[in-house]
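Position in the sequence shown (from 1) plus 315 gives the number in my numbering. These notes are about the structure you will find just below.
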Amino acid sequence: MPMPQSGDKAPGFSLPDQSGATVSLSQFKGRHVVLYFYPKDATPGCTTEACDFRDEHSALVKAGAVVLGVSPDSVASHQKFATKQGLPFSLLADPDHALADAYGVWGEKSLYGRKFMGLIRATFLIGPDAKVVRVWPKVKVAGHVAEVLATLQGGASSDAASAPKAPVKAPAKAPAAKKAPAEAKPATVKKPAAKKASAAKTARKGARA
316 MPMPQSGDKA PGFSLPDQSG ATVSLSQFKG RHVVLYFYPK DATPGCTTEA CDFRDEHSAL
376 VKAGAVVLGV SPDSVASHQK FATKQGLPFS LLADPDHALA DAYGVWGEKS LYGRKFMGLI
436 RATFLIGPDA KVVRVWPKVK VAGHVAEVLA TLQGGASSDA ASAPKAPVKA PAKAPAAKKA
496 PAEAKPATVK KPAAKKASAA KTARKGARA
């Protein structure tokens, strides 16, 4: 199935969480739902992502959202993972990856040159009207939860990254410094010329001596 996009109706679901209780999308009508898909319980990236959602959970709830994690792991695996990490939200068990298929996040993956079918890490923000508000495909864990929270709080939009940037004006050139006036050259003082007559007399006296 293709991945739902902004404005599409979100595929419905009813799946068991880590306590065995059935969780359905319809029960959250009128609220935002952060539905995040992750590959596997207790792996490094998935643990970091879950703990990031845990640490920001109160802020996400305050912003009007419900957080739901989904992976192909079993209810027992989810229970162990949620208990160990103190997760305050539901983890839905999707062992036959039916929900992952419905959201277009089950597909071919590659690891160390080996190709296989698996779950692609992705997050969907579903609005109070059960329509998709925003999609984060191929999620990078670092900073992801902060971006989801910013979107809920109205601090980010789906097209923010593609918005044209305002042209940067070149800084105005500083006025050229005025050249200092050239220093006046000192006047040349001419030595008084010796009187030719006196010199001539002196020469004649010397000749007579």
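Heads up, the beta-carbon is just placed ideally off N, CA and C, and yes, glycines get one too.
One thing to note: residue 404 has its Cβ no nearer than 8 Å to the Cβ of residue 325. Beta bridge pairing from DSSP links residue 443 with no other residue.
The continuous alpha helix (DSSP H) containing residue 459 extends over residues 459-467.
When 436, 466, 465 and 463 are compared, the shortest CA-CA separation from residue 453 is found for 436.
If you draw a straight line from the Cα of residue 365 to the Cα of residue 349, it comes to about 12 Å.
Here residue 416 is not near residue 393, since their CB atoms are 8 Å or more apart.
Looking at the backbone, the Cα of residue 425 and that of residue 351 are separated by about 21 Å. Between residue 368 and residue 382, the C-beta gap is smaller than 8 Å, which places the two residues in contact. Counting C-beta atoms within 10 angstroms of its own C-beta, residue 384 has 16 or more neighbours from the protein chains shown and is therefore classed as buried. CA-to-CA, the gap between residue 407 and residue 428 works out to about 30 Å. Within the stretch 354-435, the runs of alpha helix (DSSP H) that reach at least 4 residues and sit entirely inside it are, in chain order, 359-370, 372-377, 390-400 and 413-417. Here residue 388 is buried, its C-beta having at least 16 other C-beta atoms within 10 Å. Bridge pairing for residue 339: 329 [DSSP].
With a cutoff of 8 Å on beta-carbon distance, residue 450 and residue 316 are scored as not near each other. Note that the C-beta distance between residue 467 and residue 375 is below 8 Å. Residue 380 sits buried, since 16 or more C-beta atoms from the chains shown fall within 10 Å of its C-beta.
With a threshold of 16 other beta carbon atoms within 10 Å, residue 419 meets it and is buried.
Sequence-distant partners of residue 363 (beyond 5 residues in either direction) whose C-beta falls short of 6 Å from its own C-beta, in its chain, are 456.
For residue 328, the number of other beta carbons within 10 angstroms of its own is at least 16, and it is reported as buried.
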